[in-house]
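Trainee:
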Amino acid sequence: MGSAGRLYEPGKIHRSDRMASEGIYDDGKKGIRRMTDPELRLKDQDRDGIQAEVLYGILGATSRINDDEAAGEMLRIYNEWLADFCNTHPDRFAGLACIPNHDIDAAVGEIERVARRGGVRGLEISRRGDMTPLWDPWWNPMWDAVAASGLPVHFHTIGSGVRRDFTKLAPKVALAARAAGITSFQMYMSEVLLSVIFSGVLEHHPGIKLVIGEAGTGWIPYILQRMDAEWEDQFKELDLKMPPSEYWRRQCYATYQSDPIGVKLLDELGEDNIMWGSDFPHPDGVWPDSQEYIQRELGHLPAATRKKIVCDNAAKLYRFVN
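Counting from 43, one number per residue, gives the positions in the sequence shown under the numbering used here.
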């Protein structure tokens, strides 16, 4: 698999070629499941110098199913598998249960079920382009359930959510379209952050921890400044008791794999609000070269700050021991 779900083509994408050099695609063709066999996955993480990982879910799968009930059942089955997978090595794996977004009762029911069952350490709300906006009160029962669960809630970047057919475009036009989409997709996470904060979710639920996954970080200080400025200028009637950026600092996190600009803005972001991740096994991640990226982008920072970003913040949020 290449970038953005395309088939792997040698010589097209550097990071895909790098993963291929480690045999990951050839092994897949042979039926060797390095992603889903916990022992093989640990070997790949050891190869990359990773002590523990947080597993995001089957992102986007439900957007390709035109049967909401079937999609919800698929997520339930996946969540059961995920809990069993993570329980093989709970000191190394922390899974995020996938929560449906098509029906609020289904979402609440699955949150309550996985919280009772145990075996996962977070919730991931599936996203799609036509989902109800997160500022809508329609979501309020889900936020109540998230708060009651005590589990951090995650939204993983998917870009604009608008699916386009590039097959009818001229090759160079299609390439430009892909370049625009792949380069900008992380910035769409600003809508999640804006909606959840401005709608008062974090004010009403001060215990909720919100994580925007694979979001990058360099754009966030600008958004925080804009939120504060607009709130001060014209939106003080919103149900917020402090500037929007304070909710970010109190309750929010972003993850990234490579973002040298974000590292330069750590004073604005807050070193307690950022978590590094390799994005394994996606080809736009940095496996198996994580240590090289970490040293290049974080090596100049104080050891305590660097350790927070690559280890301590996640260890605390996901309750890793040792």
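For each residue, glycine too, the CB sits at the ideal point set by N, CA and C. Fair warning: this is a prediction, and the values are worked out from it, not measured in the lab.
Determine the direct distance from the alpha carbon of residue 111 to that of residue 349, and round the result to whole angstroms.
Mentor: Here the alpha carbon of residue 349 sits roughly 43 Å from the alpha carbon of residue 111.
Trainee: Name the residue from 180, 251, 175, 217 whose alpha carbon lies nearest to the alpha carbon of residue 191.
Mentor: 251
Trainee: With residue 140 as the anchor, note down where its beta strand (DSSP E) starts and where it stops.
Mentor: 135-141
Trainee: For residue 245 and residue 193, which I take to be in contact (beta-carbon distance under 8 Å), what is that distance rounded to the nearest angstrom?
Mentor: About 20 Å separates the two Cβ atoms, so there is no contact after all.
Trainee: Could you say if the stretch 216-229 and the stretch 267-281 meet the contact criterion of at least three C-beta pairs nearer than 8 Å?
Mentor: The stretch 216-229 is not in contact with the stretch 267-281.
Trainee: Only counting the same chain, and skipping five residues up and downstream in sequence, which positions put a Cβ closer than 6 Å to that of residue 74?
Mentor: none
Trainee: Could you tell me whether the Cβ atoms of residue 184 and residue 149 are closer together than 8 Å?
Mentor: Contact flag set, yes.
Trainee: Does the stretch 257-265 come within contact of the stretch 155-174, defined as at least 3 CB pairs closer than 8 Å?
Mentor: Result no; under three Cβ-Cβ pairs closer than 8 Å.
Trainee: Taking residue 171 as the reference, which of 160, 146, 200 has the closest Cα?
Mentor: Nearest Cα to residue 171 within the set 160, 146, 200: 200.
Trainee: Could you pull the start and end residues of the beta strand (DSSP E) that residue 296 belongs to?
Mentor: Per DSSP, the unbroken beta strand (DSSP E) holding residue 296 starts and ends at 294-298.
Trainee: Alpha carbon to alpha carbon, how far is residue 361 from residue 95? Give it in angstroms, no decimals.
Mentor: For residue 95 and residue 361, the gap between their C-alpha atoms comes out near 12 Å.
Trainee: Between which residues of its own chain and residue 345 is the CB-CB distance below 8 Å, once the five residues before and five after are set aside?
Mentor: none
Trainee: Excluding the five sequence neighbours on either side, which residues of its own chain have a C-beta within less than 6 Å of the C-beta of residue 232, listed in chain order?
Mentor: 265
Trainee: Nearest-angstrom Cα distance between residue 207 and residue 133?
Mentor: 42 Å
Trainee: Could you pull out every unbroken alpha helix (DSSP H) segment of at least 4 residues lying fully inside the stretch 66-121, listed in chain order?
Mentor: Listed in chain order, the alpha helix (DSSP H) runs fully inside the stretch 66-121 are 66-71, 80-89, counting runs of at least 4 residues.
Trainee: First and last residue of the alpha helix (DSSP H) that includes residue 151?
Mentor: Following the DSSP letters along the chain, one finds residue 151 inside the alpha helix (DSSP H) bounded by residues 146-159.
Trainee: Out of curiosity, what's the CA-to-CA distance linking residue 80 and residue 129?
Mentor: 10 Å
Trainee: Classify residue 123: buried if its beta carbon has 16 or more other beta carbons within 10 angstroms, exposed otherwise.
Mentor: exposed
Trainee: From residue 219 to residue 109, what distance separates their C-alpha atoms?
Mentor: 30 Å
Trainee: Does the Cβ of residue 284 have 16 or more other Cβ atoms within 10 Å, making it buried, or fewer, making it exposed?
Mentor: exposed
Trainee: If you follow the beta strand (DSSP E) that residue 317 is in, where does it begin and where does it stop?
Mentor: 316-318
Trainee: In this structure, how does DSSP classify residue 252 when only helix, strand and coil are distinguished?
Mentor: Of the three classes helix, strand and coil, the one that applies to residue 252 here is strand, per DSSP.
Trainee: Rounded to whole angstroms, what is the Cα-Cα separation between residue 43 and residue 67?
Mentor: Because residue 43 carries a pLDDT of 48, less than 50, the predicted location of this residue cannot be relied on, and the following value inherits that uncertainty. Distance between the alpha carbons of residue 43 and residue 67: 8 Å.
Trainee: Taking 8 Å as the threshold (C-beta atoms), are residue 329 and residue 61 in contact?
Mentor: Yes. Within cutoff.
Trainee: By the three-class DSSP mapping on this structure, what secondary structure does residue 61 have?
Mentor: helix
Trainee: From this set, 90, 85, 116, which residue's C-alpha is nearest residue 99's C-alpha?
Mentor: 116
Trainee: Enumerate, from N- to C-terminal direction, the unbroken beta strand (DSSP E) stretches of 3 or more residues contained entirely within the stretch 222-280.
Mentor: Runs of the beta strand (DSSP E) spanning 3 or more residues and lying entirely within the stretch 222-280 occur at 252-255, in chain order.
Trainee: Indicate whether residue 89 and residue 82 have their beta-carbon atoms separated by less than 8 Å.
Mentor: no
Trainee: Quick check: what's the CA-CA separation for residue 64 versus residue 238?
Mentor: 40 Å
Trainee: Would DSSP call residue 362 helix, strand or coil?
Mentor: coil
Trainee: What does residue 166 pair with, by DSSP beta-bridge criteria?
Mentor: 140, 196, per the DSSP bridge assignment.
Trainee: Where does residue 212 sit, in a helix, a strand or coil, going by DSSP?
Mentor: coil
Trainee: Helix, strand or coil, according to DSSP, for residue 184 in the structure here?
Mentor: Reduced to three states, the DSSP call for residue 184 is helix.
Trainee: Measure the CB-CB distance between residue 261 and residue 229 and report whether it falls below 8 Å.
Mentor: yes
Trainee: Quick one: what does DSSP say residue 130 is sitting in, helix, strand or coil?
Mentor: coil
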